[in-house]
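*Asks:*
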Amino acid sequence: MEVLACKGLRKVYGDLEVLKGIDFSINKGETKVIIGPSGSGKSTFLRIMGLLEPPTEGKVFFEGKDVYGENLNLNMIRAKIGFVFQDPSLFRHLTALENVKLGLKVVLKMSDEEATKKAMETLKLVRMDEWADYYPAQLSGGQQQRVGIARALAMDPDIILFDEPTASLDIELTWEVIDVMKDLARRGITMLVVTHEIGFAKEVADEIVLMDSGRIVESGPPEQMLKSPKTERAREFLGRLLGGV
Amino acid sequence: MIDPNDLLFLLQGVPATLAISFLSFGIGFALGIPIAVARQMSPSLSYLMEAYEKAFRGIPVLVFMLLFYFGLGGFVPFLKDPFTCAVVALGLRSGAFQSQIFRGAINSVDKQQMMAALSLGMTKTEAFRYVILPQAFIVALPGLGSEISLLIKDSSYAFILGVLELTKHADILRKASRSFVFPYLMAAVLYILMTFPIANYLDKWGSRLKTKYGLR
Ligand SMILES: Nc1ncnc2c1ncn2[C@@H]1O[C@H](COP(=O)(O)OP(=O)(O)OP(=O)(O)O)[C@@H](O)[C@H]1O
Ligand SMILES: [Mg+2]
Numbered sequence: 058m059e060v061l062a063c064k065g066l067r068k069v070y071g072d073l074e075v076l077k078g079i080d081f082s083i084n085k086g087e088t089k090v091i092i093g094p095s096g097s098g099k100s101t102f103l104r105i106m107g108l109l110e111p112p113t114e115g116k117v118f119f120e121g122k123d124v125y126g127e128n129l130n131l132n133m134i135r136a137k138i139g140f141v142f143q144d145p146s147l148f149r150h151l152t153a154l155e156n157v158k159l160g161l162k163v164v165l166k167m168s169d170e171e172a173t174k175k176a177m178e179t180l181k182l183v184r185m186d187e188w189a190d191y192y193p194a195q196l197s198g199g200q201q202q203r204v205g206i207a208r209a210l211a212m213d214p215d216i217i218l219f220d221e222p223t224a225s226l227d228i229e230l231t232w233e234v235i236d237v238m239k240d241l242a243r244r245g246i247t248m249l250v251v252t253h254e255i256g257f258a259k260e261v262a263d264e265i266v267l268m269d270s271g272r273i274v275e276s277g278p279p280e281q282m283l284k285s286p287k288t289e290r291a292r293e294f295l296g297r298l299l300g301g302v
Numbered sequence: 025m026i027d028p029n030d031l032l033f034l035l036q037g038v039p040a041t042l043a044i045s046f047l048s049f050g051i052g053f054a055l056g057i058p059i060a061v062a063r064q065m066s067p068s069l070s071y072l073m074e075a076y077e078k079a080f081r082g083i084p085v086l087v088f089m090l091l092f093y094f095g096l097g098g099f100v101p102f103l104k105d106p107f108t109c110a111v112v113a114l115g116l117r118s119g120a121f122q123s124q125i126f127r128g129a130i131n132s133v134d135k136q137q138m139m140a141a142l143s144l145g146m147t148k149t150e151a152f153r154y155v156i157l158p159q160a161f162i163v164a165l166p167g168l169g170s171e172i173s174l175l176i177k178d179s180s181y182a183f184i185l186g187v188l189e190l191t192k193h194a195d196i197l198r199k200a201s202r203s204f205v206f207p208y209l210m211a212a213v214l215y216i217l218m219t220f221p222i223a224n225y226l227d228k229w230g231s232r233l234k235t236k237y238g239l240r
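Chains as they are written, first to last, in the numbering used here: chain A, 58 to 302; chain B, 25 to 240.
Written out as structure tokens, the structure is:
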């Protein structure tokens, strides 16, 4: 079943055309990885798919419904699309536990008791239950990011979008976050991930998507994309990414 | 030498001074936050709010007090009560000041915080209520401290309307005694004893929370 899709997506900021017509779709249970050079529009694409910004042109579909075409309640759909940011963006005045609980209480209207139970279970999944009462400022970048994942995951979303969740972490912290994400992929959580952690893509992705200057240049299963890309641009980018020349 | 009876007499003016200050601060708080949020959410409403802010920033609060008391007082009976009139004038000005304090504080909160809140499915109002305003409030604490001290000082304008607050008591004392200076000097000390600790406390409280939460 198709969870999230778009057709003819364009985004223009001033005179800068950042997305130049993107068609994309992801099915339930799939993990897709987006790669591409800086400034190619990956974050913009993800924000639009997360309904955090409207497209200039084109359509976004959530579970087959035209999000901006039909008169749908955007907040209700956003609640079903998790988002993990590069900078974890935890709510700074709340503890790890409270960060996870807030959406459960305010959006899903859970009681405090239910929310605490659900939040603690989810923190356990990302191995952060022992840090439940710490404030973001007291946690490492990797720990913050795992709480960020728990905050999105606890809402039981139909898909989670990740925008370079490890880009600002050093190598060991990257591993601890990537391990948690691999776990989620294996549990069948639908994930759309912008990352250049190729190990992650190799192990759990169903498809790698290469974006360049606002377009999807090429996409395919990891084995094929990594070994024998079809386009010159993909060969060049992947060659450099994998440490070739 | 300070006569204890004189001091006791002066102290009788302190409750009215504090009442005017805190009541007008409350009015200003109740006006300031919604105006600051409205200016963020609706640009069309913004012009009206801006005009209000400009008026109360550009015109002396004493002029507003006199205008309300002698001008509007004829139509709005409760403004004929000097105490109420002073509270309303100072409260409206404080609303203009506090909306600016909160607008700055809201702008200082990381933009991604709003995005993160929306991504969970919160409405914009919920995001302000649960995520943006609690952080903005901490950032605003030092500014709110200065605002309270300003109100304590400016509550002395109520003396013109005959409210029996601290400055008025000092004036009565001056007329009753041989000393022209001591009553006002003692009042000055009492004002410092009220303004300084409050501003200082809110400032410290704000910095402590900012460090705790790692806010800018
Ligand atoms: N809100 C905005 N207003 C104006 N320009 C923007 C905005 N957001 C992004 N851009 C521009 O759009 C282009 C694509 O940005 P985007 O962040 O989507 O790229 P990216 O592929 O995520 O890059 P990176 O790998 O560096 O994160 C850039 O040139 C950026 O400056
Ligand atoms: Mg990006």
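Even glycine gets a Cβ: it sits at the ideal position worked out from N, Cα and C.
In this text the structure is predicted, and so the values were computed from the model without any measurement.
(1) Please tell me whether, using a cut-off of 7 Å, the distance from the CB of residue 114(A) to the nearest non-hydrogen atom of ligand 1 is below it.
(2) For ligand 2, any of its heavy atoms closer than 7 Å to the Cβ of residue 220(A)?
(3) Mark residue 209(B) as exposed unless 16 or more other C-beta atoms lie within 10 angstroms of its C-beta, in which case mark it buried.
(4) Is residue 135(B) near ligand 1, in the sense that its beta carbon is under 7 Å from a heavy atom of that ligand?
(5) Let me know if residue 212(B) comes out buried or exposed under the rule of 16 or more other beta-carbons within 10 Å of its beta-carbon.
(6) What does residue 135(A) reach in chain B if we use C-beta pairs closer than 8 Å?
(7) Run through the DSSP bridge pairs and tell me what residue 119(A) is partnered with.
(8) Give the residues from the region 151 to 167 of chain B that approach chain A closer than 8 Å (Cβ to any Cβ), ordered along the chain.
(9) By alpha-carbon positions, which one of 148(B), 48(B), 217(B), 38(B) ends up nearest to residue 163(A)?
(10) Would you list, in chain order, the members of the region 155 to 177 of chain A that have their beta-carbon closer than 7 Å to a beta-carbon of chain B?
(11) Counting contacts by CB-CB distance shorter than 8 Å, is residue 184(A) in contact with chain B?
(12) Measure the alpha-carbon distance for residue 182(A) versus residue 62(A) and round it to whole angstroms.
(13) Looking at residue 237(B) and residue 149(A), is the spacing between their C-beta atoms short of 8 Å?
(14) Note down, in chain order, all residues in the region 201 to 226 of chain B with a beta-carbon under 9 Å from any beta-carbon belonging to chain A.
(15) Does chain B have any CB closer than 8 Å to the CB of residue 149(A)?
(16) With 9 Å as the limit, tell me which residues of the region 128 to 139 of chain B have their beta carbon closer than that to any beta carbon of chain A; keep them in chain order.
(17) For residue 105(A), which of 81(A), 170(A), 179(A), 245(A) has the nearest alpha-carbon?
(18) Please list, in chain order, all residues of the same chain as residue 243(A) whose beta carbon is under 8 Å from its beta carbon, the five residues on each side excluded.
(19) Quick check on the burial criterion: 16 or more other C-beta atoms within 10 angstroms. Buried or exposed for residue 87(B)?
(20) When you compare only the Cα positions, how much space is there between residue 172(B) and residue 204(B)?
(21) Pick out every residue whose C-beta is nearer than 5 Å to a heavy atom of ligand 1: which are they, in chain order?
(22) Who are residue 264(A)'s beta bridge partners in DSSP?
(23) Chain B partners of residue 194(A), CB-CB under 9 Å?
(24) Alpha carbons only, please: which of 172(A), 222(A), 229(A), 228(A) is nearest the one belonging to residue 238(A)?
(25) How long is the line joining the alpha carbons of residue 191(B) and residue 169(B), rounded to whole angstroms?
(26) Using beta-carbon positions only, say whether residue 234(A) and residue 199(A) come within less than 8 Å of one another.
(27) For a contact meaning CB atoms closer than 8 Å, what does residue 106(A) contact in chain B?
(28) DSSP state of residue 276(A), grouped into three classes?
(29) At a CB-CB cut-off below 8 Å, which residues of chain B make contact with residue 190(A)?
(30) Any chance you could list the alpha helix (DSSP H) runs of at least 4 consecutive residues sitting entirely within the region 29 to 98 of chain B, in chain order?
(31) Against residue 140(A), what residues of chain B qualify as contacts under a CB-to-CB distance less than 7 Å, listed in chain order?
(32) Using only alpha-carbon positions, find the residue among 139(A), 230(A), 147(A), 159(A) that is nearest to residue 213(A).
(33) Note down the Cα distance separating residue 161(A) from residue 150(B), rounded to an integer number of angstroms.
(34) Please confirm if the region 90 to 107 of chain B is in contact with the region 30 to 38 of chain B, defined as three or more CB-CB distances below 8 Å between the two stretches.
(35) Once DSSP output is grouped into helix, strand and coil, what is the label at residue 137(A)?
(36) State the DSSP-derived secondary structure class of residue 148(A), mapped to helix, strand or coil.
*Replies:* With the structure as the only source:
(1) no
(2) yes
(3) exposed
(4) no
(5) Under a 10 Å Cβ-count criterion, residue 212(B) is classified as exposed, with fewer than 16 other Cβ atoms of the shown protein chains found around its own Cβ.
(6) 142, 143, 144, 145
(7) 61(A), 122(A)
(8) 154, 155, 158, 159, 162
(9) 148(B)
(10) 159, 160, 163, 164
(11) no
(12) One C-alpha to the other measures close to 28 Å.
(13) yes
(14) Listed in sequence order: no entries.
(15) yes
(16) Those residues of the region 128 to 139 of chain B placed with their C-beta closer than 9 Å to a C-beta in chain A are 133, 134, 136, 137, 139, ordered along the chain.
(17) 81(A)
(18) 261.
(19) exposed
(20) 29 Å
(21) 70(A), 75(A), 95(A), 96(A), 97(A), 98(A), 99(A), 100(A), 101(A)
(22) DSSP, once it has assigned bridges, lists 89(A) as partnering residue 264(A).
(23) 235, 236, 237, 238, 239
(24) 222(A)
(25) Inter-residue distance for residue 191(B) and residue 169(B) is about 22 Å (C-alpha atoms, whole angstroms).
(26) Yes, the pair counts as a contact, with Cβ atoms nearer than the cut-off.
(27) None at all; the shortest Cβ gap to chain B is about 11 Å.
(28) strand
(29) Within 8 Å Cβ-Cβ: nothing; residue 190(A) doesn't reach chain B, min ~13 Å.
(30) 38 to 65, 67 to 82, 85 to 90
(31) 143
(32) 139(A)
(33) Whole-angstrom Cα-Cα distance: 13 Å.
(34) no
(35) coil
(36) coil
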